[in-house]
Every structure is written in structure tokens, then in C-alpha cells.
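Same order as they appear, the protein sequences are chains A and B. Using the working numbering, you'd call the opening residue of the first sequence number 595 and step up by one each time. Using the working numbering, you'd call the opening residue of the second sequence number 595 and step up by one each time. Positions of the beta carbon are idealized from the N, C-alpha and C atoms, including for glycine. Small disclaimer: the values here were computed from a predicted structure and weren't measured.
Number of protein chains: 2
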Amino acid sequence: MQKPGLTAGQNRVFDYIRSYIRENQKPPTFAEIGEALSIRSTNGVHKHIAALERKKYINRTPRVSRGISLADSDDPFILTDAPPLLPVIGRVRSDKPQQLRHHPAGALLVDPRLLGRAEADSCVIAISGDDGMQDLGIRKGDFLIVEETDWSQLLNGELVAALIGERIIARLFDFSRNRFHLRPTARGYKEEAFRSDASGCHVIGRVQSIMRNI
Amino acid sequence: MQKPGLTAGQNRVFDYIRSYIRENQKPPTFAEIGEALSIRSTNGVHKHIAALERKKYINRTPRVSRGISLADSDDPFILTDAPPLLPVIGRVRSDKPQQLRHHPAGALLVDPRLLGRAEADSCVIAISGDDGMQDLGIRKGDFLIVEETDWSQLLNGELVAALIGERIIARLFDFSRNRFHLRPTARGYKEEAFRSDASGCHVIGRVQSIMRNI
DNA sequence: CGTGTAGGTGAACGTATATTCACCTACAAT
DNA sequence: ATTGTAGGTGAATATACGTTCACCTACACG
């Protein structure tokens, strides 16, 4: 595709840089561009690069190797990172929370925008074990995308996932009087409170998103 | 997150490389790694890199600058299939259903297992426009993953997404007496019926999954 | 105790890579 | 005809960067 404001030669160079980054996860050197495009002198490449930079199609870090990057969001498909594949946590007991990721029941691909500001590394998927939050639209069996967080980082009123015994539930979190309280919103469910060091309850973290297969 | 088989130091280096690539669209140099992690000698970095390569966490191109790349993920699913990126449909009028994919409001990565038996090509994402199905756990603003289907292929009782005017809603589908009926489950919403050739209503297809950002 | 491994310092070295210079061709515009 | 810009060659130069060497500390293990 011909980009506006570019000569044919500049266009070739730009396309090559983009495809090189896509394949190699790093920008090409001047010599590599020259070789691919049959430009014998790196100075020929240098002039193209200077033009592309002047026209804002690329950004550069002067004097550093492979110091080229594509300007803005030319296309959103540059996968600098593998798509986030989050583990679906399997059967774990609340007194062994460190085993959360040990025996995953599988993994699901999740769009990074569903993770909020959380890093994909710190997220796991839990399967909701009851209907205690059904009037918030969370039902038993739903996939909960959870950012693993220490309970001390949670704010009162946040939606969290917790492991009670071997069951995972979504609840509203509240910390007061040295205990954390897990509050359901659905009728027929009762609030539960735990000492913060209790082994029967492990707060996994903040619920960022939910997914459900019909 | 601690990766299996890595020491704490190797883990820090690996995490730094990954985050550097994500931010800069290119791998870091040894000096940059050292500076970020307070390792004064590039040789210290070199030994970490060598260990990471030996343990197959990264790949290298010897002697080339920034010649580090992350090893392919161990999950075969990522390598074979390009992740399905489904269009989120934007503002469309029900009398122009062929424009559904014309001006997408964006796109989201979706795990193929959330598509049921549907082909990714035939699926779109719609944003629920009301709370008519809230007791099925579908709320206004939810992402509906919809398999585009002609209404004649739908079975009575299936959950569908329909475009009414400029709004998209989820409803239970029912065809009888030459009309299709869109039945809500929430109190305060009424069933609506349309002649199958009516231009005010376009049935997009079957709802396969839902996603919601908290 | 010795031995192995992870991790580190500092320096020397070679090469990969960007920069710059002088000079050239082709082509369009004034 | 002159001027300006795009694109090019080839070579010299400076520096960014990876590699290697000698040597050190801390710690786990049998």
C-alpha cells in the first residue's frame, strides 16, 4: 500500500522495516535493509531513513543499533509479545494458595484490554463457584479474570475472587476490625468474615473482567 | 511471576527483557540490562543470558546487537492459529444490516473456545444496549460474541442478538405465526414481535459468549 | 573439608553498526 | 541553463555492542 507523502523508494524501505519487525521482533540494521533492497551503500539507506523520520513515519534513537521504531499505531498487529494466555486455575485448597498456578485446568486467550492496568503475568482465570453475585451479572461457572493481588492492596468495596476451601467465589471485599469481610449481593447468601491469617480463606485478587460461554 | 527452573536473578533478567521489548519494540543491549538491574559488568549480564538461552527461555543470534528474542511459547495453540480478532460493531441502522462490519468501533482478541462451533470469520462482537436479559447475567454494555446467522437457521428458544433501530439487544428468539418474537427475561421489558421482512429489526445471530470489563 | 554453581567486577578486544564525506546520476521545476 | 531533490556509490571514522579472560564472593552439598 502506498503511503501518502512517500516516494516509491521510501515506501519500499518503510514496508521492509515493518515486515522485518513483525518477523524478527526487532528492527533491522541499515546493512540488512540495504541488502534486502539491493542498496549497496549504507548511506543510501541512511538517506531513506532520514526522509522517513522527517516525514514522521518512523522514530529513531540516534547512534544506537537498530534504533528505528515505527511511528504511532501504524497497525495494531505488531506482536511484540505473545498474546496473553491466562491459566485457568484448577482444584486447589485455600491453605495452599501458592499452588494456584500449579495444576491449571487449561488456558484461555484474553484480550489485554480486558485486564485493565494489570500485567498479564499477574492475572489468572478462576471459575465462579456460586451465584452469590448474580445480580451483578456473575453466575456460577463464569470465567473470572482475576489480577492476583495481596489482600492488603485491595480497597473496600472492590470486587474480588476468593478461594474458600476448594471453591472460588466472587464477592465484594471489605476490610475492617482486623478481618476481611466477603459480601455477596444476591439474596440467599450471607456475608462471611475471616481473620486475615485464616487458612480457610485466600483472597486471590481483583476481578477485572468476566467471560461466559452460553 | 517466578518461572520454573530459573533462579531469582535469571528471572529478573528475563522479566526485564520482556518488558523492555514490550515498551521499545526491540530487545535491550547487555549494557541496558546491566544498568537497569544494577549489574556493573556486561559480563554479569552475559552469564545470565547464557543461562536463559541454555534453559530455552530465549533465543539468540550470536554477535549481533540486540540479538535476543523470547523463546516461542510452549503452547502449540499459539503457533498454529493466528489469534482471532473479532470486530466490535459500531453504529449501524437496522435497515442497513450489510453495514455491520463496515465501521467497526474496534476489535477484540477472543479465545476460539468461546466461539463454540462457529467459524471466527462469521463472528462479530456487539455491545448489549439494555438490561432486558439481566437475570441471565447479561447487562447493558456487555460484549456479546455473536455468530452471524440467517434467522431461518435459528431454533426457538436460542439466545440471539438483534439490531432494533440503532440499538443492539440480546433476547430469546422464537419464530411462530410468520413473525419472530424477541422475548426478554427481565421484569420491565416486553416481548416484541416483527414480521420477518420488517426493516426495523435485524436479527444478527446466535450469542455464543459474553465478556464484560468490570 | 573440598567442589561445583550462581553471580559478580573490571578490562581488553573485535566486530557490528551508525555516521559522515566527497562525489555521482536522474529528473522535475523555475 | 540552473537549481533542487531523490537516490545512489564507496570509503573513512567513531562508537555501540557482544565476547572473552582473569579473578573474586557467597552458598549449597556430599
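Using the Cα positions of residue i and residue j, report the straight-line distance between them to the nearest angstrom.
i                 : j                 : result
Gly695 of chain B : Pro681 of chain B : A small correction: the amino acid at residue 695 of chain B is Arg; Gly does not occupy that position in the sequence shown. Whole-angstrom Cα-Cα distance: 7 angstroms.
Leu753 of chain A : Ile611 of chain B : 33 angstroms
Pro706 of chain A : Phe737 of chain B : 15 angstroms
Leu757 of chain A : Gly794 of chain B : 47 angstroms
Glu713 of chain B : Lys649 of chain B : 38 angstroms
Arg777 of chain B : Arg789 of chain A : 46 angstroms
Gln728 of chain B : Gly726 of chain A : 15 angstroms
Arg733 of chain B : Arg781 of chain B : 13 angstroms
Ser746 of chain A : Arg771 of chain A : 14 angstroms
Leu708 of chain B : Ser613 of chain B : 29 angstroms
Arg806 of chain B : Arg687 of chain B : 24 angstroms
Gln693 of chain A : Ser716 of chain A : 14 angstroms
Gly603 of chain B : Asp724 of chain B : 51 angstroms
Pro670 of chain A : Val797 of chain B : The predicted position of Pro670 of chain A is uncertain, since its pLDDT is 42 and thus under 50; no value can be drawn from it.
Arg773 of chain B : Asp791 of chain B : 9 angstroms
Asp609 of chain A : His697 of chain B : 26 angstroms
Arg634 of chain B : Arg606 of chain A : 41 angstroms
Thr743 of chain A : Ala755 of chain A : 10 angstroms
Ile808 of chain B : Ile804 of chain A : 8 angstroms
Ile763 of chain B : Pro691 of chain B : 14 angstroms
Thr601 of chain B : Pro678 of chain B : 35 angstroms
Asn618 of chain A : Gln619 of chain B : 10 angstroms
Ala645 of chain A : Arg761 of chain B : 47 angstroms
Lys597 of chain A : Arg685 of chain B : 28 angstroms
Ser632 of chain A : Ser632 of chain B : 42 angstroms
So with CB distances below 7 angstroms, who are the chain A contacts of residue i?
i                 : result
Pro778 of chain B : Here the premise fails: no neighbours, minimum Cβ distance about 15 angstroms.
Gln728 of chain B : Gly731
Arg848 of chain B : Outside the displayed span of chain B (595 to 808) sits residue 848 of chain B, for which this structure offers no information.
Taking 8 angstroms as the limit between beta carbons, can you name the residues of its chain near residue i, skipping five residues before and five after?
i                 : result
Arg654 of chain B : Ile643, Glu647, Gly661, Ile662, Ser663
Thr636 of chain A : Phe624, Ala625, Gly628
Glu785 of chain B : His775, Leu776, Arg777, Pro778
Asn750 of chain B : Phe767, Asp768, Phe769, Ser770
Pro621 of chain A : Ile611, Tyr614, Ile615, Arg660, Gly661, Ile662, Ser663
Ala787 of chain B : Arg773, Phe774, His775, Leu776
Gly638 of chain B : Gly628
Compare the C-beta of residue i with all C-beta atoms of chain A and state if any pair is closer than 8 angstroms.
i                 : result
Asn637 of chain B : no
Ile762 of chain B : no
Asp753 of chain B : Note that residue 753 of chain B is Leu in the sequence shown, not Asp. With 8 angstroms as the cut-off, Leu753 of chain B counts as an interface residue toward chain A.
Ile611 of chain B : no
Is residue i close to chain B, meaning its C-beta is less than 8 angstroms from at least one C-beta of that chain?
i                 : result
Gly782 of chain A : no
Pro621 of chain A : yes
Ile615 of chain A : yes
Ser793 of chain A : no
Ser663 of chain A : yes
Would you grab the beta carbon distance between residue i and residue j for me? Rounded to a whole angstrom, and I think it's under 8 angstroms.
i                 : j                 : result
Val830 of chain B : Val740 of chain B : Outside the shown range of chain B (595 to 808) lies residue 830 of chain B, about which nothing can therefore be said.
Arg800 of chain A : Leu748 of chain A : 7 angstroms
Ile683 of chain B : Ala701 of chain B : That belief does not hold up - the Cβ atoms of Ile683 of chain B and Ala701 of chain B are roughly 10 angstroms apart, past 8 angstroms.
Gly731 of chain B : Gly731 of chain A : 5 angstroms
Ala665 of chain A : Tyr651 of chain A : 6 angstroms
Determine the chain B residues that contact residue i at a beta-carbon separation under 8 angstroms, and present them in chain order.
i                 : result
Gln802 of chain A : Asn807, Ile808
Ser659 of chain A : Thr623, Ser659, Arg660
Interface residues of chain B around residue i at Cβ under 9 angstroms?
i                 : result
Leu702 of chain A : Asp705, Arg707, Leu708
Output needed for residue i: all residues of its chain with C-beta closer than 6 angstroms, excluding positions within five of it in sequence on either side, in chain order.
i                 : result
Asp689 of chain A : Ser793
Gly599 of chain B : Lys649
Gly710 of chain B : Gln802
Which residues of chain A have a Cβ atom closer than 8 angstroms to the Cβ of residue i, listed in chain order?
i                 : result
Arg711 of chain B : Those within 8 angstroms of Arg711 of chain B in chain A number zero; the least Cβ separation is about 12 angstroms.
Got a sec? Which residues, its chain only, sit under 7 angstroms from residue i by beta carbon, not counting five neighbours each side?
i                 : result
Gly735 of chain B : Ile721, Ser722
Arg657 of chain A : none
Tyr783 of chain A : Gly726
His640 of chain A : Phe624
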